[in-house]
Every structure is written in structure tokens, then in C-alpha cells.
Amino acid sequence: MPGSRLSRLMRFGSLASGVVGGMLAEGARQLAQGKRPAFSNLLLTPANAQRVAEQLSQLRGAAMKVGHKWSLE
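So that you can map any letter, position 36 of the sequence shown is 38 in the working numbering, and since no number is skipped, the others follow by simple counting.
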């Protein structure tokens, strides 16, 4: 569990770069299949959901509450 603000910020930065990387990979895969990728389909992939869940499980406080709220919707 990250203890400082800087380490939490680093985790969020890592999460954001992982999600963006996943979006780029999925977009490239869809383009290679001849499909026109939609932004929402690139963002909401099972791999990106797993990344977010793993990172939020390592946090505490407000970030964990936000993740729990998202999981209920």
C-alpha cells in the first residue's frame, strides 16, 4: 500500500499510462482487423478494467471509495 502522496501519484500515473497503452494496443488490433475503433470500445476493455481494479485495490481512502462506487454501478 503506498504510504506517501508521491507514491500514490506515481501509481495513478502508472495506471493512466497502462490504460492508454491498452487503448492503443486494442485500437491497433481493431484496425488490423479492418474495423474502425470507437473510443468507448477502446477504453472499456476487460484488460483495462483489470488494471484499474488492481491499482485501486492497492490504494486507500478516497481512491478506494471511488473505486468501490464505480464497481457498484
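Glycine residues also receive a C-beta, built at the ideal position from the N, C-alpha and C atoms. This one's a predicted model, so the numbers in the text were calculated from it and none came from an experiment.
Span of the alpha helix (DSSP H) holding residue i?
i	result
P48	P48 to S59
Taking DSSP as the reference, what is the three-state secondary structure of residue i?
i	result
S9	helix
K71	helix
A40	coil
Q35	coil
Is residue i near the ligand MG, judged by its Cβ being under 8 angstroms from some heavy atom?
i	result
G24	With respect to the ligand MG, the structure shown offers nothing to examine, as it has no ligands at all.
Should residue i and residue j be called a contact, given that it needs their Cβ atoms to be closer than 9 angstroms?
i	j	result
N50	V68	no
R7	Q60	no
S16	Q52	no
Given that a residue counts as buried once 16 or more other Cβ atoms are within 10 Å of its Cβ, and exposed if not, what is residue i?
i	result
L26	exposed
L33	exposed
G24	buried
L46	exposed
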